[in-house]
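Protein chains: 2
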Amino acid sequence: MGDILRPIGIIARALDSISNIEFKEVDLTRGQYLYLVRICENPGIILEQLASLIKVDKTTAARAVQKLEKNGMIERRSDVTNKKIRLIFPTDKGREVYPFIIRENEYSNLVALKGLSEEEQKQLGDLLLKVELNISDDWEYVKAGHKRNY
Amino acid sequence: MGDILRPIGIIARALDSISNIEFKEVDLTRGQYLYLVRICENPGIILEQLASLIKVDKTTAARAVQKLEKNGMIERRSDVTNKKIRLIFPTDKGREVYPFIIRENEYSNLVALKGLSEEEQKQLGDLLLKVELNISDDWEYVKAGHKRNY
DNA sequence: ATTATTATGTTGTATTTGCAACTAAAATAT
DNA sequence: ATATTTTAGTTGCAAATACAACATAATAAT
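Right, here's the structure in full:
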């Protein structure tokens, strides 16, 4: 069976590295674009959902969101029915940055898929979604402190 | 055109997160397994090659290698013909850890590919290699300080 | 109704990551 | 032969990341 972990890691690091360099132009520091796009697309999302969506530790997400708030990109509102949760929304400033992120991501996607047929692109996307589903469970399991046996 | 950046990022973070937790058992701190496997498979590799292979900043690789050296996992030897480079080799201790890393990675790979047919697995692997090639050039380009226009 | 458990979020601390700037050897150009 | 550029590696700093431990609200169990 072929290994997919390594190419996936390589591609992910390369893309993330490129994005982080390019998003300095819109005053986003390392990693922040990840959170901001999700918040723009899911206004009212809560922290734990956000962390789970991105697959990042919740304390990392917490500090990223704190920083986005401090920089005026997002704002948090308390819920009326649930005093514990804090709903996260993009501000106007955050919404202005959003198209820039999308444009960059679309371009990187274009570069990544260069030379693949329409059919191949679709296959790749479909297969990656399956892999994402497969691995998500193990991530939650291991993060929750459980031990996989193999 | 479907987006592949997001699933790839999600999968990569999830897998890396799992690995980092599981490799504490063999006294590897975050990220170190990445370097150690490559060094074991390419004994005598130099730092810049290693960084480029993994797609990580060379200063990050430098510090990871320093730490692996301090912990007795790898050793560095100077080259006779080239005074500038330092060849990196695994130690016996490093070589002992290697099979553990491989076993964990193979298991994660298995989980990731669950439910995919042999044919699909092969396709996915082939397509990812193409994507890796596509994006590698842009990574080198942007890391070298150049600006992409899109 | 009270207790136990889970869900959501935060802070302390240690470590990793990477950009900037630098040194020096090697390779290339003049 | 000398000067220039590229290659390889390092250190200073600032920031991100995540584990541990915690607080408290919400939910479930008794």
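Residue numbers (the numbering used here), protein chains in the order written: chain A, 154 to 303; chain B, 154 to 303. Think of the CB as a built atom: it goes at the ideal place given N, C-alpha and C, for glycine as much as any other residue. Quick caveat, the model's predicted, so the values are computed rather than measured.
### Query
Can you pull the DSSP bridge partners for B:S231?
As a working note, residue 231 of chain B is residue 78 in the second sequence. Looking at the DSSP output, B:S231 sits in a beta bridge with B:R239.
### Minimum Cβ-Cβ distance from A:V179 to chain B less than 8 Å
Position 26 of the first sequence holds residue 179 of chain A. Chain B has no Cβ within less than 8 Å of the Cβ of A:V179.
### Message
Against chain B, with Cβ distances strictly below 8 Å, would A:P243 count as a contact?
### Response
Reading the first sequence from its first residue, position 90 is the one you call residue 243 of chain A. Contact of A:P243 with chain B is not assigned, every C-beta pair being separated by 8 Å or more.
### Query
Between the C-alpha atoms of B:E194 and A:K246, what's the straight-line distance to the nearest angstrom?
One-based indexing of the second sequence puts residue 194 of chain B at position 41. One-based indexing of the first sequence puts residue 246 of chain A at position 93. Roughly 48 Å between the two C-alpha positions.
### Query
How would you call A:E293, buried or exposed, if buried means at least 16 neighbouring beta carbons within 10 angstroms?
For the purposes of this step, residue 293 of chain A is taken as the residue at position 140 of the first sequence. By the neighbour-count rule (16 or more Cβ atoms within 10 Å), A:E293 is not buried but exposed.
### Task
Indicate whether the contact test is met: 3 or more Cβ pairs, each with one atom in the stretch 182-201 of chain B and one in the stretch 263-282 of chain B, closer than 8 Å.
Counting Cβ pairs under 8 Å, fewer than three are found: no touch.
### Query
Between which two residues does the alpha helix (DSSP H) carrying A:L221 extend?
Position 68 of the first sequence, counted from the first residue, corresponds to residue 221 of chain A. Annotation: the continuous alpha helix (DSSP H) that includes A:L221 extends over K211 to K223.
### Task
Return yes when the Cβ of A:E175 is within less than 8 Å of the Cβ of A:E259, no when it is not.
Position 106 of the first sequence, counting from 1, holds the residue named residue 259 of chain A. Position 22 of the first sequence, counting from 1, holds the residue named residue 175 of chain A. One thing to note: A:E259 has its Cβ no nearer than 8 Å to the Cβ of A:E175.
### Message
With the cut-off set at 8 Å, would you say A:I241 and A:I192 are in Cβ contact?
### Response
Translated into positions along the first sequence, residue 241 of chain A becomes position 88. Translated into positions along the first sequence, residue 192 of chain A becomes position 39. A contact, by the Cβ cut-off of 8 Å.
### Query
In the structure shown, what three-state DSSP assignment does B:I157 receive?
What you label residue 157 of chain B is simply residue 4 of the second sequence in a count that begins at 1. Three-state result, B:I157: coil.
### Task
Would you mind telling me which residues of chain B sit closer than 8 Å to A:M226, beta carbon to beta carbon, in chain order?
Mapped onto the first sequence, residue 226 of chain A falls at position 73. The contacting residues do not exist; A:M226 stays about 19 Å from chain B at best.
### Task
Can you give me, in chain order, the residues of the stretch 257-279 of chain B that have a beta carbon less than 9 Å from any beta carbon in chain A?
Hits within the stretch, in order: E257, N258, E259, Y260, S261, N262, L263, V264, A265, L266, K267, G268, L269, E271, E273, Q274, K275, Q276, L277, G278 and D279.
### Query
What residues are listed by DSSP as bridge partners for B:I288?
Taking the second sequence and counting its residues from 1, the one referred to as residue 288 of chain B is at position 135. When beta bridges are read from the DSSP output, B:I288 appears opposite no residue.
### Query
Ordered along the chain, which non-local residues of its own chain (more than five positions away) have a Cβ less than 8 Å from that of A:R229?
Within the first sequence, the letter at position 76 stands for residue 229 of chain A. The residues are V218, E222, R239, L240, I241 and F242.
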